[in-house]
Structure formats: C-alpha cells, structure tokens
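Visitor: Numbering (full-length UniProt numbering), first residue to last: 1 to 287.
Note that the Cβ used here is the ideal one computed from N, Cα and C, for glycine as well.
Structure below; questions to follow.
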Amino acid sequence: MLDLALSVLFSSLIFVIFKLFKVYKIETLYAIITNYVVACVVGLLFYNGELSVVEVLGKPWFPGTLLLGFLFIAVFNLMAATAQKVGVSVASVATKMSLVIPVLFGVLVYKEALGPWKIVGVLLALAAVYFASVKPRPVDFKNTSLFLPLLVFLGSGLIDTSIKYVQEVYIEEREFSLFSATVFASAALMGILFVLLRSYRTPIRMNLRNALGGVALGVPNYFSIYFLLRALQNQELNSASVFTINNVAIVMFSTLLGILLFKEHLSVKNWSGIALAIVSIVLVALF
1 MLDLALSVLF SSLIFVIFKL FKVYKIETLY AIITNYVVAC VVGLLFYNGE LSVVEVLGKP
61 WFPGTLLLGF LFIAVFNLMA ATAQKVGVSV ASVATKMSLV IPVLFGVLVY KEALGPWKIV
121 GVLLALAAVY FASVKPRPVD FKNTSLFLPL LVFLGSGLID TSIKYVQEVY IEEREFSLFS
181 ATVFASAALM GILFVLLRSY RTPIRMNLRN ALGGVALGVP NYFSIYFLLR ALQNQELNSA
241 SVFTINNVAI VMFSTLLGIL LFKEHLSVKN WSGIALAIVS IVLVALF
C-alpha cells in the first residue's frame with residue numbers, strides 16, 4: 001500500500017505544478033518536454049543494470065513505449081490546458097474518471113473478480129469523482145472547456161490500460177526504471193520533433209523559467225509512474241482495485257491541495273464527493 005500512497009502523492013503534485021505554470025507564466029509545452037527529459041534521466045539513474053541502446057530496442061516492451069510516449073505528450077498538454085482553463089479539480093477528475101477503462105479491461109481481459117462490495121465501491125468512486133469536481137456555474141456547451149476534459153478522460157484511460165497490459169505481459173520488476181525511462185525518452189523525442197516541425201511558423205522560445213518548470217514537473221512525474229508499476233505488483237489487490245483507489249485518492253488529495261494552496265472554493269456537493277471517495281476507497285481496499 002505504500003507504493004500506492006506514494007503514486008497518489010506524486011500524481012497529485014503534478015496537478016498543483018500545472019496550476020503554478022499559469023501563476024509563473026511558464027510555457028507549458030517547453031516545460032513538459034523538459035519534464036520528460038528529466039524523468040528519463042531520473043529513471044536511468046535508478047536503473048541498476050547495464051545500459052545498452054541495442055538491448056533496449058530489442059526488448060519486447062519497446063514498441064509499447066512509443067505508443068505511450070505519444071499518449072504522454074498529448075495527454076499531458078491536454079491536462080495542463082484543462083487545469084489552467086477549467087481548474088485543478090476538473091483536470092484531476094477528467095483524468096481519474098478514466099479509471100472505468102482499465103477496470104473494465106482487467107475484468108474483461110484478465111477475468112479479474114469484482115465482488116458486489118467492490119462493484120459498489122467502483123460506482124461510488126465514479127460518483128465521488130463527479131461530485132468532488134462539479135462547479136456551481138453552468139457549463140457552456142459551446143466552450144472548449146467541455147471538450148478538453150473528454151479528451152483527457154479517453155487519453156488517460158488508454159494510458160492506464162496500456163501500462164497495465166505491458167506490465168502484465170512484458171516487464172520484469174527489475175526493469176521498471178528502464179521501462180519508465182524509455183517511455184519518457186519517447187515522449188521527450190516526440191515533443192522535440194513537434195516543436196521543430198512547427199518552428200518555421202512559431203519561433204522556439206526555450207528559457208530558464210520553462211526549464212525550471214520542467215525540472216519541477218519531471219521528478220514527481222517519474223515517481224508517479226514508477227510507484228504505480230510497483231503497486232500493480234501487489235498480490236492482495238487486483239488492477240481494478242489499484243486503479244480505483246489510486247484515481248479516487250488523487251482526486252481527493254488534489255482537491256484538498258487546491259483548497260489549501262489556491263483557495264479554491266468547495267460546495268456542499270464537492271465535500272460530498274470527498275466523503276464518497278473515502279467510502280469507495282474503504283470498500284475497494286477491504287473487500
């Protein structure tokens with residue numbers, strides 16, 4: 001459970017850092033690319049085996065890192081835009097509502113058992129995610145703020161499902177650091193290529209502030225994935241339980257951080273969502 005708690009902590013910090021990007025006028029794209037370079041370096045530092053590019057290219061999980069790298073750079077930019085334009089809690093919720101996708105994948109593909117109390121817990125988790133984030137102002141259906149969370153939802157669900165599949169089928173525990181570093185290297189490369197391709201229209205504006213923002217983001221980003229991979233090795237919890245607890249706890253914790261750090265206002269529905277989150281975590285963890 002310690003691995004799961006650490007994954008929640010570092011994932012929640014990501015949303016806070018995204019919010020700070022707007023405060024300190026950090027350009028998100030450049031910071032995100034730098035973050036992936038930093039996360040890759042951290043992963044390589046924690047890897048104890050011998051490093052060989054040829055060996056990495058021959059790993060059975062290498063093709064999966066290319067897909068994950070693309071998804072990471074795309075979804076991270078969407079998460080940042082959602083956090084800045086709609087709010088930290090909405091970005092967190094859009095990301096964590098996606099727990100439905102890997103949970104269904106685990107049940108349908110790996111035949112993971114969900115007892116009646118766990119099913120109740122998952123349903124309460126979805127309700128908790130919604131109520132913890134719902135805003136008092138009406139939603140403008142013509143605004144892109146509705147489209148952004150939807151894309152984050154789909155992309156995040158695909159990332160979690162892909163991580164579970166690769167972890168289940170291909171990765172040994174001793175390769176977690178190397179796998180994570182390779183995914184981040186792939187994301188960084190795709191981000192750099194994107195910046196270079198658009199440089200003929202938009203000049204590259206990398207500076208120290210953007211780099212420091214990327215460093216601040218890269219360290220918790222690496223550990224959020226590393227500890228999630230470790231948590232998925234837990235023999236007492238199946239992947240449906242891990243993703244449910246992880247995602248709901250992140251919503252709850254990041255929402256509370258939004259209150260403490262950014263004075264975000266919570267309605268009665270928001271507090272009800274936090275209460276439901278606690279109940280859902282207890283049900284999924286104990287049953």
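Gly-64: buried (16+ other C-beta within 10 angstroms of its C-beta) or exposed?
Guide: Buried, by the Cβ-count rule.
Visitor: According to the Cβ coordinates, are Leu-44 and Ala-181 closer than 7 angstroms?
Guide: Cβ distance < 7 angstroms, so Leu-44 and Ala-181 count as in contact.
Visitor: Return the chain-ordered list of same chain residues with a C-beta closer than 8 angstroms to the C-beta of Lys-142, the five sequence neighbours on each side being excluded.
Guide: Its pLDDT being 45, under 50, Lys-142 is placed unreliably by the model, and the measurement read from it follows with that caveat. There are no such residues.
Visitor: Which of helix, strand or coil does DSSP assign to Ser-98?
Guide: In this structure, Ser-98 counts as helix in the three-state DSSP scheme.
Visitor: Quick check: what's the CA-CA separation for Leu-51 versus Gly-218?
Guide: The straight-line gap from Cα to Cα measures roughly 21 angstroms.
Visitor: Any C-beta of chain B sitting closer than 7 angstroms to the C-beta of Arg-230?
Guide: Of the protein chains in this structure there is only one, and it is not chain B.
Visitor: Just reading off the alpha helix (DSSP H) that Trp-271 is part of, what are its end residues?
Guide: From DSSP, the alpha helix (DSSP H) with Trp-271 extends over 268-286.
Visitor: So what's Thr-202 in DSSP terms, helix, strand or just coil?
Guide: Coil at Thr-202, not helix or strand.
Visitor: Please name the residue in Thr-202, Ala-74 and Ala-132 whose C-alpha comes closest to that of His-265.
Guide: It is Ala-132 whose Cα lies nearest to the Cα of His-265.
Visitor: Beta carbon of Glu-27, beta carbon of Asn-221: below 7 angstroms?
Guide: Against a cut-off of 7 angstroms, the Cβ pair of Asn-221 and Glu-27 comes out as no contact.
Visitor: Quick one: what does DSSP say Pro-116 is sitting in, helix, strand or coil?
Guide: In this structure, Pro-116 counts as helix in the three-state DSSP scheme.
Visitor: DSSP state of Asn-234, grouped into three classes?
Guide: Note: Asn-234 maps to coil in three-state DSSP.
Visitor: Just mark Gly-106 as buried or exposed, buried being the case when its beta carbon has 16 or more other beta carbons within 10 Å.
Guide: It counts as buried.
Visitor: Measure the beta-carbon distance from Val-242 to Ala-231 and round it to whole angstroms, keeping in mind my assumption that it falls under 8 angstroms.
Guide: The pair is a contact, with the Cβ atoms about 5 angstroms apart (cut-off 8 angstroms).
Visitor: Using a Cβ-Cβ cutoff of less than 7 angstroms, which residues in the same chain neighbour Ser-38 once the five nearest sequence positions on both sides are dropped?
Guide: Rather than Ser, the amino acid found at residue 38 in this sequence is Val. The answer, listed in chain order, is Gly-214, Val-215, Gly-218 and Val-219.
Visitor: With distances taken Cα to Cα, identify the nearest neighbour of Val-129 among Leu-4, Leu-57, Ala-285 and Trp-271.
Guide: Here the closest residue by C-alpha is Trp-271.
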